[in-house]
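Visitor: For reference, the structure I am asking about is given below.
Number of protein chains: 2
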Amino acid sequence: MDFEPLGLAADLVILTVRDGRLQVLLIRRGIAPYQGRWALPGGFVRPDEDLETTARRELAEETGLSSERIHLEQVATYGAPDRDPRGRVVSVAYLALVPDLPAPVAGSDAASAHWVEVAEVDAGRLAFDHHRILADGVERARAKLEYSPLATAFCPPEFTISELRGVYEAVWGTPLDPRNFHRKVTKTADFVVPAGGTTTRDGGRPAQLFHRGTATTLHPPMTRA
Amino acid sequence: MDFEPLGLAADLVILTVRDGRLQVLLIRRGIAPYQGRWALPGGFVRPDEDLETTARRELAEETGLSSERIHLEQVATYGAPDRDPRGRVVSVAYLALVPDLPAPVAGSDAASAHWVEVAEVDAGRLAFDHHRILADGVERARAKLEYSPLATAFCPPEFTISELRGVYEAVWGTPLDPRNFHRKVTKTADFVVPAGGTTTRDGGRPAQLFHRGTATTLHPPMTRA
DNA sequence: AAAATAGTGTCTATCAGACAATATTTT
DNA sequence: AAAATATTGTCTGATAGACACTATTTT
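In order, the protein sequences belong to chains A and B. Following my numbering from start to finish, the first sequence increments by one per residue and tops out at 231. Following my numbering from start to finish, the second sequence increments by one per residue and tops out at 231.
This is the structure we're talking about:
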């Protein structure tokens, strides 16, 4: 079969919660097109490489996180004929949720990679159609917090209920009642399970530590205000 | 830029509800690979053609439905290196929901197109990775019925509450209480609006006709048993 | 009249949201 | 002691699900 010339890329919306805010990893483009503009990390799919493999490779290159335990899911594919001035490039977008990294961003492209608060990314500043991809990725994350235990993907292996609440508040941009949240989370079957210890890292009375449970869907779902 | 040889296709999961059952449009492949096997309709993306344009073109070719009002949404992209024996072909899958067609399937490829009950499609019978694509498409439809007014996409412009309930029952495979369903649907803001008339096409007491409302998300959502 | 479907009303257990009260830490 | 956070409990209004009952058609 003969194929039209076509490039296939995987781009990543890598989200984390730092300082109580939802942040996305952006890179400053060093080369044309869109030189000097912010862009989502990504790269071309290699021959014989699966799409998710490409995404995980790029994730590791940009963050140093190579664990299979990092949450990564496909969001959508963007293929408008004119979305890349270099020619026809179709991009498969992935959403990655990572905990607040103890180590700073590391890896080969690290020099140009920065965490940027999602609320402060402005529409015209991103290369290609990356603003649209970012918006779709963020919306996916917001929606999935409701009915999946995905919020735990932003947390370290052991976390407190209030840290988990901080994730919801940052992603949704809404304050939640600590008391109702606590009750809801601990009563939702298999959402979180007690890890045994306590911590005072959040100040005040020691909080119980939890780790994520086995649930894949939350019954009942968490509700946005 | 030079690109690796690569094909880009759009494949369609076209669902409808006929005779109270969820059905999918499949075609019998006339040529290799997988000659004689059932497959999802689809085709290659043309140069300068947007992905959704390809999907709508294929939809029109297979069903004769060219209206922009047909619900069509992207589901996921499949790109395992060995998924097509002809070479590297990446497929963007779309989900289309169509009403029970008054006219039989028509169009250029119609000769080989048939409605098949989803519950009776068996895993090994489909070409390529189409069983996986079908499963993902059906799961998407099932999930979206809960929190979106998507069920109306299976209905004609004017429908009764019990016809809408029939859609839910067919897609979810669960019987629903007609009385609670009626109350729930009519009380959910902007889900359906009265069209004015009534019909006795379902037998019994005349039922009010409705058409779809302006809601894009259902508050509260419909709940699966 | 009998059967079929449409639609309304009622009851109960559960849940979301508001918020009081108590517990245990650091400053 | 004061401030901060954690956790439990209580109250109220809304809702889901079960199901009795009434309404309007066809057979």
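The beta carbon of each residue, even a glycine, is placed where N, CA and C say it ideally should be.
Does the distance from the C-beta atom of B/Glu68 to that of B/Ala119 stay below 7 Å?
Guide: A contact, by the Cβ cut-off of 7 Å.
Visitor: Tell me which residue opens and which closes the alpha helix (DSSP H) that A/Val173 is part of.
Guide: Unbroken alpha helix (DSSP H) run through A/Val173: 167 to 178.
Visitor: Between A/Gly49, A/Leu14, A/Val30, A/Gly13, which lies nearest to A/Gly143 when the distance is taken from Cα to Cα?
Guide: Of the candidates A/Gly49, A/Leu14, A/Val30, A/Gly13, the one whose C-alpha sits nearest the C-alpha of A/Gly143 is A/Val30.
Visitor: Establish whether the CB of A/Leu21 and some CB of chain B are separated by less than 7 Å.
Guide: No, no contact with chain B.
Visitor: Where does the unbroken alpha helix (DSSP H) through A/Pro200 begin, and where does it stop?
Guide: From DSSP, A/Pro200 is part of no alpha helix (DSSP H) but of the beta strand (DSSP E) over 198 to 205.
Visitor: Quick check on this structure: which residue in A/Pro200, A/Arg148, A/Leu132 has the alpha carbon closest to the alpha carbon of A/Pro39?
Guide: Comparing Cα-Cα distances from A/Pro39 to each of A/Pro200, A/Arg148, A/Leu132, the minimum goes to A/Leu132.
Visitor: Whose C-beta lies closer than 6 Å to the C-beta of B/Glu164 among residues of the same chain, with five residues either side of it excluded?
Guide: Only Ala201, Leu215, His217 meet the Cβ criterion.
Visitor: What is the rounded straight-line gap between the Cα of A/Pro162 and the Cα of A/Thr59?
Guide: Rounded to the nearest angstrom, the two C-alpha atoms are 24 Å apart.
Visitor: Does the contact criterion of 3 or more C-beta pairs under 8 Å hold for the region 169 to 178 of chain B versus the region 75 to 90 of chain B?
Guide: Segments in contact, no.
Visitor: Quick one: is A/Ala213 buried, meaning 16 or more other Cβ sit within 10 Å of its Cβ, or exposed?
Guide: A/Ala213 comes out buried.
Visitor: Just to confirm before moving on: does the CB-CB distance between A/Leu12 and A/Val51 stay below 7 Å?
Guide: Going by C-beta atoms, A/Leu12 is not nearer than 7 Å to A/Val51.
Visitor: Starting from B/Ile139, trace the alpha helix (DSSP H) both ways and give me its first and last residue.
Guide: Residues 136 to 153.
Visitor: Under 8 Å by Cβ, that's how I've got A/Ala102 and A/Ile20 pegged, so tell me the actual separation to the nearest angstrom.
Guide: Between A/Ile20 and A/Ala102 the Cβ distance is about 5 Å, and since that is below 8 Å, they are a contact.
Visitor: Tell me which same chain residues have a C-beta within less than 6 Å of the C-beta of A/His77, skipping the five on either side of it?
Guide: Only Leu103, Ala159 meet the Cβ criterion.
Visitor: Thinking C-beta only, is A/Ala157 closer than 7 Å to A/Asp196?
Guide: The answer is no: Cβ separation not under 7 Å.
Visitor: By the three-class DSSP mapping on this structure, what secondary structure does B/Leu71 have?
Guide: Coil.
Visitor: Which residue from B/Ser154, B/His188, B/Leu28 puts its Cα closest to that of B/Leu140?
Guide: Per the Cα distances, B/Leu28.
Visitor: Are the C-beta atoms of A/Thr6 and some chain B residue less than 7 Å apart?
Guide: Outside the displayed span of chain A (7 to 231) sits residue 6 of chain A, for which this structure offers no information.
Visitor: How many Å lie between A/Ala99 and A/Ala16 at the Cα?
Guide: Approximately 6 Å, taken between the alpha carbons.
Visitor: Which residue wins for smallest C-alpha separation from B/Ala231, given the options B/Thr204, B/Thr205, B/Pro184, B/Trp178?
Guide: Of the listed residues, the one whose Cα sits closest to B/Ala231 is B/Trp178.
Visitor: At a CB-CB cut-off below 8 Å, which residues of chain A make contact with B/Val144?
Guide: What B/Val144 touches in chain A: nothing, since even the nearest Cβ is about 17 Å away.
Visitor: Quick check for students: name the residue ranges of the beta strand (DSSP E) that lie wholly in the region 17 to 76 of chain A, counting only runs of 3 or more.
Guide: List check, beta strand (DSSP E) in window: 27 to 34, 48 to 50.
Visitor: Nearest chain B C-beta to A/Phe9 closer than 7 Å, yes or no?
Guide: Closer than 7 Å: yes.
Visitor: Could you name the residues of chain A that B/Leu12 contacts, counting a contact when the two beta carbons are closer than 7 Å?
Guide: By Cβ distance, chain A contributes Phe9, Leu12, Leu14.
Visitor: In the region 72 to 93 of chain A, which residues sit with their C-beta less than 7 Å from some C-beta in chain B, listed in chain order?
Guide: Those would be Gln80, Ala82, Thr83, Gly85, Ala86, Pro87, Arg92, Gly93, in chain order.
Visitor: Would you mind reading off the limits of the alpha helix (DSSP H) that contains B/Val191?
Guide: Unbroken alpha helix (DSSP H) run through B/Val191: 184 to 193.
Visitor: Could you tell me whether the Cβ of B/Asp208 comes closer than 7 Å to any Cβ of chain A?
Guide: Chain A, which has no Cβ nearer than 7 Å to the Cβ of B/Asp208, makes this no.
Visitor: Specify, as a first and last residue, the run of the beta strand (DSSP E) that B/Arg92 falls within.
Guide: Element bounds for B/Arg92: n/a, residue is neither H nor E.
Visitor: For B/Lys190, count neighbouring C-beta atoms within 10 Å of its own C-beta (all shown protein chains included) and say buried if the count is 16 or more, exposed if not.
Guide: The residue in question, B/Lys190, is buried, as its Cβ has 16 or more Cβ neighbours within 10 Å.
Visitor: By how many angstroms is the C-alpha of B/Met228 removed from the C-alpha of B/Leu18?
Guide: For B/Leu18 and B/Met228, the distance between alpha carbons rounds to 26 Å.
Visitor: Pick from A/Gln41, A/Arg63, A/Pro105: whose alpha carbon is nearest that of A/Asp25?
Guide: The shortest Cα separation from A/Asp25 among A/Gln41, A/Arg63, A/Pro105 belongs to A/Pro105.
Visitor: Residues in its own chain within less than 6 Å of B/Arg146 by CB, not counting five upstream and five downstream?
Guide: Val81, Leu101.
Visitor: Under 7 Å between the Cβ atoms of A/His136 and A/Leu46?
Guide: In contact: A/His136 and A/Leu46 (Cβ atoms closer than 7 Å).
Visitor: When Cβ atoms are compared, which residues of the region 161 to 189 of chain A fall closer than 8 Å to chain B?
Guide: Those residues of the region 161 to 189 of chain A that come within reach of chain B (Cβ to Cβ, closer than 8 Å) do not exist; the list is empty.
Visitor: For B/Asp56 versus A/Ala176, is the C-beta spacing smaller than 7 Å?
Guide: Not in contact: B/Asp56 and A/Ala176 (Cβ atoms no closer than 7 Å).
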